[in-house]
Structure formats: C-alpha cells, structure tokens
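Q: My questions all concern the structure below.
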Amino acid sequence: MKDKLNIAILGAGNIGTAIASGLAKAGTVSADRITLTRRKTHLLDDMKAQGFAVCADNKEAIAKSNVVIVAVEPQQLDELMTEIGSELKAGHHILVSVVSGVDLAQLRQWVGGDIECVRAMPNTAPAVGESMTCLASEKNDGGGVAAARQIFDSVGRTLVIDEELMGAATALGACGVAFFLRAIRAASQGGIEIGFHS
Ligand SMILES: NC(=O)c1ccc[n+]([C@@H]2O[C@H](COP(=O)([O-])OP(=O)(O)OC[C@H]3O[C@@H](n4cnc5c(N)ncnc54)[C@H](OP(=O)(O)O)[C@@H]3O)[C@@H](O)[C@H]2O)c1
48 MKDKLNIAIL GAGNIGTAIA SGLAKAGTVS ADRITLTRRK THLLDDMKAQ GFAVCADNKE
108 AIAKSNVVIV AVEPQQLDEL MTEIGSELKA GHHILVSVVS GVDLAQLRQW VGGDIECVRA
168 MPNTAPAVGE SMTCLASEKN DGGGVAAARQ IFDSVGRTLV IDEELMGAAT ALGACGVAFF
228 LRAIRAASQG GIEIGFHS
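The sequence shown begins at 48 in my numbering and counts up one residue at a time.
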C-alpha cells in the first residue's frame, strides 16, 4: 500500500484490541491512526487513554481509514456489513475480516466486486507480537494481501494459504492455542493440588 496505513477496527473486543495494541507496540501504525469501534465505547476507555481513537460510529471510522478490519462475532457480521458495505470505496479501502467461518464469497455479498477483501486468522498473541496469522484472498498476490502482510507480519508471522484451508487454520492456530493454554493451566493447578507451591 502506497499510502500511510490508517486502520479502522470495527468490533474492538478481544482480538480487535489485541491487534491494535500489537500494531502500536511494534510502531507499525501510531495509536492515533487506529480507530476502534464498539457500541459500548466506555469499555474502551483504557485504549483511549493509550491514544487510540475510539468511537461508536462505524461509518466515521471508515471515513478516516484505508484498511478496515472487521472483528465482530460471526452472528454480528450481517448487521455490521449491511451498515457499512456501501461505505467502502474501491481502490481506497481494503477489507480484512478476522471473523471465523465467513468466507470471501459471503463477504462479497455485502461489498462491491472491486473492493479488495482478505480473510485473516490470527490468535490473541498479536498483543505480544507473537501471532501466527494465516491469510487468504481471491488474489493471493494482490495489494490486499500485501497490506494484510504488512499489518500481521509486524505482530508476529504470516502464512498465505488457499481459502479452503481457513477452517483448519482456525482450529489449529486460533482455537488450538487456547486449548494448549488450558492444558498448561490444568497442569499447574494439578501441581498445586498435589502439594507444590503456586
Ligand atoms: N479472540 C481470538 O483470539 C480470535 C482469534 C481469531 C479470530 N477471532 C474471531 O474474531 C471475532 C471476534 O472475536 P472476539 O473474541 O474478539 O469477540 P468479542 O470480544 O466479543 O468482540 C466482538 C466485539 O464486537 C463489538 N460489536 C458487535 N457488534 C458491533 C457493531 N455493529 N459495531 C461495532 N462493534 C460491534 C462488540 O462490542 P459491543 O457489544 O460493545 O458492540 C465486541 O466488543 C470472532 O468472529 C472470532 O471468531 C477471534
């Protein structure tokens, strides 16, 4: 992407704020060029205090950005995309979706055919610069993927994959890490139960 990155993260919950924190920490994009949205904006007061732009208005966030990352729950995506689909401008905006289980063909139903769309599957580790993020797009060598790589390479590592592998990437890279962490916690709790000091 030739222009400076200005990023809107629509649906700044767990993963949205993790990506924002990682990007600012890495120095890829300063916090003031990342706009975070959610409806309960008071829950983003700490992010605001760190310099991120925060608002409840998704359209306002899009108007200030050239990369739009959607990070809502799958069942919340229809309402969000119906609201913002026509706000995205071909040649200016790149749409990156981290929403699990929603494919590029479904995203295309909400945005025009000329908008570059990329699916990204990170895990919560972008906050500490250690995310393994799989990326897929209709044109895996296009400008959308290049911009997504610029973003996610700076908060960990990326791998461009065929979209048909996205389900596996979700199970292995996103949820899989959570299961390992539960196993580690269970082992440490077990250790305490059998007499070791925490
Ligand atoms: N967590 C992970 O490690 C991870 C990893 C990879 C992919 N993902 C995917 O990322 C997505 C989000 O996961 P999450 O764990 O971050 O969920 P989450 O914490 O529930 O975040 C979703 C956020 O979206 C906001 N939201 C809902 N509707 C909205 C709207 N119309 N406009 C603006 N904001 C809206 C919600 O806040 P309000 O209710 O205040 O609006 C909430 O903060 C899911 O699809 C998940 O599968 C998550």
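Ideal Cβ positions, reconstructed from N, Cα and C, are used throughout, including at glycine. All figures in this text were calculated on a predicted structure; none of them were measured in a lab.
Taking Cβ positions, are A167 and L154 nearer each other than 8 Å?
A: Not in contact: A167 and L154 (Cβ atoms no closer than 8 Å).
Q: Is DSSP giving G63 helix, strand or coil here?
A: Reduced to three states, the DSSP call for G63 is helix.
Q: Could you tell me how far apart the beta carbons of A59 and V115 are, in whole angstroms, since I believe they sit closer than 8 Å?
A: Actually they do not touch by this definition, with Cβ atoms about 13 Å apart.
Q: Considering only the alpha carbon of each residue, which of M179, A103, R232, S147 lies closest to K87?
A: The option with the nearest alpha carbon to K87 is A103.
Q: Assuming V143 is part of the beta strand (DSSP E), what are its boundary residues?
A: Per DSSP, V143 belongs to the beta strand (DSSP E) from 141-144.
Q: Return the CA-CA distance between G238 and I231, expressed in angstroms with no decimal places.
A: Roughly 11 Å separates the two Cα atoms.
Q: Going along the chain, which unbroken runs of the alpha helix (DSSP H) with 4 or more residues stay wholly within the segment 127-171?
A: For the segment 127-171, whole alpha helix (DSSP H) runs of length 4 or above, ordered along the chain, are 151-157.
Q: Per DSSP, which residues does V192 bridge with? Please list them.
A: Paired residue(s): none; V192 is not in a bridge.
Q: Between which two residues does the beta strand (DSSP E) carrying L57 extend?
A: Unbroken beta strand (DSSP E) run through L57: 54-57.
Q: Any heavy atom of ligand 1 closer than 7 Å to the Cβ of Q153?
A: Q153 Cβ: outside cutoff for every heavy atom of ligand 1.
Q: For R86, does the three-state DSSP call read helix, strand or coil?
A: Of the three classes helix, strand and coil, the one that applies to R86 here is coil, per DSSP.
Q: Skipping 5 residues on each side, what residues in its chain have a beta carbon closer than 7 Å to that of A216?
A: The residues are M168, C181, I208.
Q: Could you spell out the range, first to last residue, of the beta strand (DSSP E) harbouring R80?
A: Counting along the chain, R80 falls outside any beta strand (DSSP E), and DSSP gives it neither H nor E.
Q: At which residues does the beta strand (DSSP E) containing A183 begin and terminate?
A: Element bounds for A183: 178-184.
Q: According to DSSP, which residues form a beta bridge with T205?
A: Note: T205 sits in a beta bridge opposite T180.
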